[in-house]
Amino acid sequence: MATEQTGAATEPVLGVAPPDVMVAPAAAGTTPPLWPPVPRVVFIARVIIGVALSAAALYAPFYFQPTMNRVLSQAIYLAIAAMGLNLLLGFNGQVSIGHGAFYGVGAFTSAILMIDHGWSFEPTIIASALLTGVFGLLVGLPALRVRGLYLALVTLGLAVLFPRVAQKFVDGTGGRPLLRPSRKEFSSLIEGLADDQWVYFLSLAIMVVLFFLAWNLTRGRVGRAMVAVRDQELAASTVGVNLAGTKVATFAISAAYAGVAGSLSVMVDALADGTNPVLYFQRSIEFLVAMTIGGAATMLGPAVGALALVLLRRNTQDLIEGKEILAPAIYGASLIAFVFVLPEGVVGGVRRLLAWLGRRSSAKGRPPTHPIPDDSHDIGGPHERT
Amino acid sequence: MQLFIEQVLNGIGNGVVYGSVALALVLIFRTTGVLNFAQGEMALFSTYISWKLTETGLPVVGAIVISMLIAFVAGGVLQFTLIRPMEGRSQLNVVIVTLGLFLAINSLAQLFFGTDPQLMPSAFPSGGVDLFGGARIQKDTIGLIVVLLVECLALWVLLNKTKLGLKLRAVAADPVSARLHGIRAGWMLMFGWALAAMIGALAGSLVAAERTGFDATLMQIILVYALAAAALGGFDSIWGAVICGLIVGIADALTIQYVDALDGIEVVVPLGLILVVLIVSPNGLFGKRTVERV
Numbered sequence: 001m002a003t004e005q006t007g008a009a010t011e012p013v014l015g016v017a018p019p020d021v022m023v024a025p026a027a028a029g030t031t032p033p034l035w036p037p038v039p040r041v042v043f044i045a046r047v048i049i050g051v052a053l054s055a056a057a058l059y060a061p062f063y064f065q066p067t068m069n070r071v072l073s074q075a076i077y078l079a080i081a082a083m084g085l086n087l088l089l090g091f092n093g094q095v096s097i098g099h100g101a102f103y104g105v106g107a108f109t110s111a112i113l114m115i116d117h118g119w120s121f122e123p124t125i126i127a128s129a130l131l132t133g134v135f136g137l138l139v140g141l142p143a144l145r146v147r148g149l150y151l152a153l154v155t156l157g158l159a160v161l162f163p164r165v166a167q168k169f170v171d172g173t174g175g176r177p178l179l180r181p182s183r184k185e186f187s188s189l190i191e192g193l194a195d196d197q198w199v200y201f202l203s204l205a206i207m208v209v210l211f212f213l214a215w216n217l218t219r220g221r222v223g224r225a226m227v228a229v230r231d232q233e234l235a236a237s238t239v240g241v242n243l244a245g246t247k248v249a250t251f252a253i254s255a256a257y258a259g260v261a262g263s264l265s266v267m268v269d270a271l272a273d274g275t276n277p278v279l280y281f282q283r284s285i286e287f288l289v290a291m292t293i294g295g296a297a298t299m300l301g302p303a304v305g306a307l308a309l310v311l312l313r314r315n316t317q318d319l320i321e322g323k324e325i326l327a328p329a330i331y332g333a334s335l336i337a338f339v340f341v342l343p344e345g346v347v348g349g350v351r352r353l354l355a356w357l358g359r360r361s362s363a364k365g366r367p368p369t370h371p372i373p374d375d376s377h378d379i380g381g382p383h384e385r386t
Numbered sequence: 387m388q389l390f391i392e393q394v395l396n397g398i399g400n401g402v403v404y405g406s407v408a409l410a411l412v413l414i415f416r417t418t419g420v421l422n423f424a425q426g427e428m429a430l431f432s433t434y435i436s437w438k439l440t441e442t443g444l445p446v447v448g449a450i451v452i453s454m455l456i457a458f459v460a461g462g463v464l465q466f467t468l469i470r471p472m473e474g475r476s477q478l479n480v481v482i483v484t485l486g487l488f489l490a491i492n493s494l495a496q497l498f499f500g501t502d503p504q505l506m507p508s509a510f511p512s513g514g515v516d517l518f519g520g521a522r523i524q525k526d527t528i529g530l531i532v533v534l535l536v537e538c539l540a541l542w543v544l545l546n547k548t549k550l551g552l553k554l555r556a557v558a559a560d561p562v563s564a565r566l567h568g569i570r571a572g573w574m575l576m577f578g579w580a581l582a583a584m585i586g587a588l589a590g591s592l593v594a595a596e597r598t599g600f601d602a603t604l605m606q607i608i609l610v611y612a613l614a615a616a617a618l619g620g621f622d623s624i625w626g627a628v629i630c631g632l633i634v635g636i637a638d639a640l641t642i643q644y645v646d647a648l649d650g651i652e653v654v655v656p657l658g659l660i661l662v663v664l665i666v667s668p669n670g671l672f673g674k675r676t677v678e679r680v
């Protein structure tokens, strides 16, 4: 099927493992370099970007108003879900338009545990992650047979199905599937932090942990197996990658990320909503879009994409007074524009720029015929750290 | 028994609708290899155009024909401006573009034509025909079936029996080789989109007339069922799309009637159906087996 290669922005480059993972630590005797050799310009740029982003993320909730902090917190949970999808689609090549359903399961798990069973919020995140992980496992099993386009459709069905299931089985406010835990449940536990800042920092902390885990996962043996399965299934299986195990496990992990995002959305929005029949389909699309405009198979991509998406949505909403109906049109048009201008996403574009700068600085003084190093495996490779 | 027949007929009525939208999806997929998520919304917009034309006093059939022509041109233009530049890019980019179109067209339709439900007049005579066993079938259901069959036949002839169809299929199979044989691949892809948009316009206009009123959400759930039908049929078979549309419609209607446990979540049925079929036969019921080269 034509969608087989989605997410794989590059030619399959099996076997071109980055230098840092080629070195087996035990055999080499010396400690392998923590960072693979990169041009100095690129390295410096990465450090600067990293420090600036962390500083901005830590300072933001003190600078902005509570409403804006809520928007930023929304960007965070969106980023977590997009990262989940990124693991599945960007790194493992399995399409899912059903992550909205996992997100919904996470949201309702948290809300129901809190309202009906008196749990406090934080442990429900773990419960959501476990439950959606199991769901992901169950969906991942048939996904072994159903691939590409068909997988997209089956998972699309999940997203459509979920609100109906909620409608049938969840009895919330006024008999509708609408659960509203009290805002008091999410009060700040740290003195000096306002509630909205607490929500932001809790989300941010969880995001950092999950992104770190994802980063670790994709750099290791499992990550290389994931990418190998994405790039060339048959070749991967001949070198001993467990196809079924890798795919199902990735599905489960990815679903758990979406579930955690759903949990956090209950905290941020104080709401689990099953009344809108297309909401979870829209969420699935948002995850996909956030991942794509940020940059598939990159580490920072989902976060950048989620932030861009949330800001885009917020700003298109009141762009034209009295014409709120037009907001989705502008939103949709911006998406198309994004794909036209930055096909590899924001992170892909920045990386391309840095690679170009790096080539320029390292090519100084050499004859102009010097072959330009092929950076194709740099984009979307398993070992990337942006 | 009578209830059973009535439900089957009911299911056929819906199934024809799913089949005709699935037909448009399959056509785009077969000629261009793209899954067009905006198909339903394009049909919705055309439906609004048909409705607007009937409001100005045009006869229904004339309005639908004009709207189909407009859709034909618009489909080609969309392909030329938005899809063609994506050639050679990742499939994900095309998907995002069609999703962006989905959002944009839907909200433009609401902007131009308002959010109130509208009444689309039917192109077929009203009333029903008595069948054996006391069941009745609506005349517009018969009309839909006839239109769908004619559509299928025309498409089948076009794709399999004409030079144009051969070119379309050649481009879909391998654009590069087709170009080397002197086929204008760009034109063919554009033609595929235009044709699909036209079929969508017809389907939308006829579907809207079956409802007591339609608004901008008309095509959304239909699209899901149509995708199910297309997947079940294997995505590249025209007859497969239609037959599976009927299967999905009938299965759905029977579930609503007989399985109380699935009340409200009967959408499980088409999904379960796809899942089972795809697990047994990964290329759908009517799809060609694809061989992957390593």
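Here the protein sequences come in this chain order: R and G. Here the first sequence is numbered in the numbering used here, starting from 1 and rising by one per residue. Here the second sequence is numbered in the numbering used here, starting from 387 and rising by one per residue. Ideal placement from N, C-alpha and C gives every residue a C-beta, glycine not left out.
- In DSSP terms, what GLY514(G) is bridged to: GLN524(G)
- Query: For SER406(G) and chain R, any beta-carbon pair shorter than 9 Å?
  - Reply: It does not: the Cβ of SER406(G) has no partner Cβ on chain R nearer than 9 Å.
- Item | Cβ contact (3+ pairs, closer than 8 Å) linking the segment 127-142 of chain R and the segment 282-299 of chain R | These segments do not touch.
- Contacting residues, own chain, Cβ-Cβ under 8 Å from VAL346(R) (five flanking each side not counted): ILE293, GLY294, GLY295, GLY301, VAL304, GLY305, ALA308.
- Within chain R, the residues that GLN606(G) reaches when beta carbons sit closer than 7 Å: VAL278
- Message: For LEU189(R) and ALA272(R), I'd like the C-alpha separation in whole angstroms.
- Response: 23 Å
- Could you list which residues in chain R have their beta carbon closer than 8 Å to that of SER493(G), in chain order? ILE325, LEU326, ALA327, PRO328, ALA329, GLY332
- Item | Interface partners of GLY486(G) on chain R, CB under 9 Å | VAL289, TYR331, GLY332, ALA333, SER334, LEU335, ILE336, ALA337, PHE338, VAL339
- Message: Just to confirm before moving on: does the CB-CB distance between GLY262(R) and GLY106(R) stay below 9 Å?
- Response: yes
- Hey, how far is the Cα of ALA602(G) from the Cα of VAL403(G)? Distance between the alpha carbons of ALA602(G) and VAL403(G): 17 Å.
- Separation of ASP196(R) from LEU202(R), as counted between CA atoms: 10 Å
- Message: At a CB distance below 8 Å, what residues from the segment 447-479 of chain G approach chain R? Give them in sequence order.
- Response: Listed by position along the chain: LEU468, PRO471, MET472, ARG475, SER476, GLN477, LEU478, ASN479.
- chain R partners of ILE665(G), CB-CB under 8 Å? Simply PRO142, ARG145, VAL146.
- Message: I'd like to know whether the C-beta atoms of LEU409(G) and ALA589(G) end up nearer to each other than 9 Å.
- Response: Less than 9 Å divides the Cβ of LEU409(G) from the Cβ of ALA589(G).
- Message: Are the CB atoms of ALA297(R) and GLY90(R) within a distance shorter than 9 Å?
- Response: yes
- Message: Can you pull the chain R neighbours of ALA490(G), defined as C-beta to C-beta under 9 Å?
- Response: PRO328, ALA329, ILE330, TYR331, GLY332, ALA333, LEU335, ILE336
- Message: List, in chain order, every chain R residue whose beta-carbon is nearer than 8 Å to that of PHE390(G).
- Response: Neighbours of PHE390(G) on chain R: none; closest Cβ ~25 Å, over 8 Å.
- Message: So, with DSSP's three-state summary, where would you put ALA296(R)?
- Response: coil
- Message: Please tell me whether LEU413(G) has its Cβ less than 9 Å away from any Cβ of chain R.
- Response: no
- Query: In angstroms, rounded to a whole number, what distance separates the CA positions of TRP198(R) and MET267(R)?
  - Reply: 11 Å
- At which residues does the alpha helix (DSSP H) containing SER182(R) begin and terminate? Counting along the chain, SER182(R) falls outside any alpha helix (DSSP H), and DSSP gives it neither H nor E.
- Item | Through-space distance from GLY220(R) to PRO25(R), alpha-carbon basis | In this predicted model, PRO25(R) has a pLDDT of only 43, less than 50, meaning its place in the structure is not dependable enough to derive any value.
- Message: Tell me which residue opens and which closes the alpha helix (DSSP H) that GLU233(R) is part of.
- Response: 233-238
- Task: Tell me ASP273(R)'s beta-bridge partners as DSSP assigns them.
- Result: Note: ASP273(R) sits in a beta bridge opposite LEU178(R).
- So is ASN492(G) buried or exposed if we call it buried at 16+ other beta carbons inside 10 Å? Burial call: buried.
- Could you tell me which residues DSSP pairs with PHE600(G) in its beta bridges? GLN504(G)
- Query: What's the call for ALA564(G), buried or exposed, on a 16-neighbour Cβ count within 10 Å?
  - Reply: buried
- Message: Check this for me: beta carbons of SER476(G) and LEU592(G), under 9 Å apart or not?
- Response: no
- Message: Mapping the DSSP letters down to three states, classify ASP116(R) as helix, strand or coil.
- Response: helix
- Length of the line joining the Cα atoms of PRO472(R) and ALA57(R): Residue 472(R) cannot be examined here, being either before or after the span of chain R that is shown, 1 to 386.
- Query: If ALA595(G) and ALA509(G) are in contact, beta carbons under 8 Å, what's the gap, nearest whole angstrom?
  - Reply: Confirmed, Cβ separation roughly 6 Å.
- From LEU234(R), MET299(R), ALA337(R), ARG224(R), pick the residue whose C-alpha is nearest to that of LEU213(R); which is it? MET299(R)
- Query: Do we get a CB-CB distance below 9 Å when we pair LEU204(R) with the residues of chain G?
  - Reply: no
- Backbone secondary structure at GLY106(R) - three-state DSSP: helix
- Query: If we count the other Cβ atoms within 10 Å of its Cβ and call it buried at 16 or more, is GLY245(R) buried or exposed?
  - Reply: exposed
- Item | ALA28(R) versus LEU156(R) - alpha carbon distance | With a pLDDT of 44 at ALA28(R), under the threshold of 50, the modelled position of that residue is not reliable, and no figure is offered here.
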